[in-house]
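Asker:
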Amino acid sequence: MSGRAAPFYCPYCGDEDLRPHESGHGAWECASCNRAFQLKFLGLLTRGLQRNDVEGDGT
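Quick note: to get my numbering, add 817 to the position in the sequence shown (first position is 1).
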């Protein structure tokens, strides 16, 4: 897996002309609308996960 996942488009204007920003990991700048933004992975959500090994299921 690569160290940096690139966004496909700017979340503000929708343009695809993005470059890594000098402020650090996850920071991007849009050449079209002249905005800088940062992306961050927060973690996995537990909702929607289902367990298959339920105890006492009677089988």
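C-beta atoms are modelled at their ideal positions from N, C-alpha and C, and glycine is treated no differently.
Helix, strand or coil, according to DSSP, for Phe854 in the structure here?
Answerer: Locating residue 854 in the sequence shown gives position 37, counting from the first residue. Three-state DSSP puts Phe854 in a strand.
Asker: Is Cys847 buried or exposed, if buried means 16 or more other CB atoms sit within 10 Å of its CB?
Answerer: Position 30 of the sequence shown, counted from the first residue, corresponds to residue 847. Its Cβ being crowded by 16 or more others within 10 Å, Cys847 is buried.
Asker: Applying the criterion that 16 or more other CB atoms from any shown protein chain within 10 Å of the CB defines a buried residue, is Cys830 buried or exposed?
Answerer: On the sequence shown, position 13 is the one that residue 830 refers to. Exposed: under 16 other Cβ atoms inside 10 Å.
Asker: Excluding five sequence neighbours on each side, which residues of the same chain lie with their C-beta closer than 8 Å to the C-beta of Pro824?
Answerer: Within the sequence shown, numbered from 1, the residue matching residue 824 stands at position 7. Answer for Pro824: Leu835, Trp845, Leu856, listed in chain order.
Asker: If you draw a straight line from the C-alpha of Ser840 to the C-alpha of Leu862, how long is it?
Answerer: In the sequence shown, the residue the question calls residue 840 occupies position 23. In the sequence shown, the residue the question calls residue 862 occupies position 45. If you take the alpha carbons of Ser840 and Leu862, they lie about 28 Å apart.
Asker: According to DSSP, which residues form a beta bridge with Pro837?
Answerer: Within the sequence shown, residue 837 is the residue found at index 20, counting from 1. Per DSSP, Trp845.
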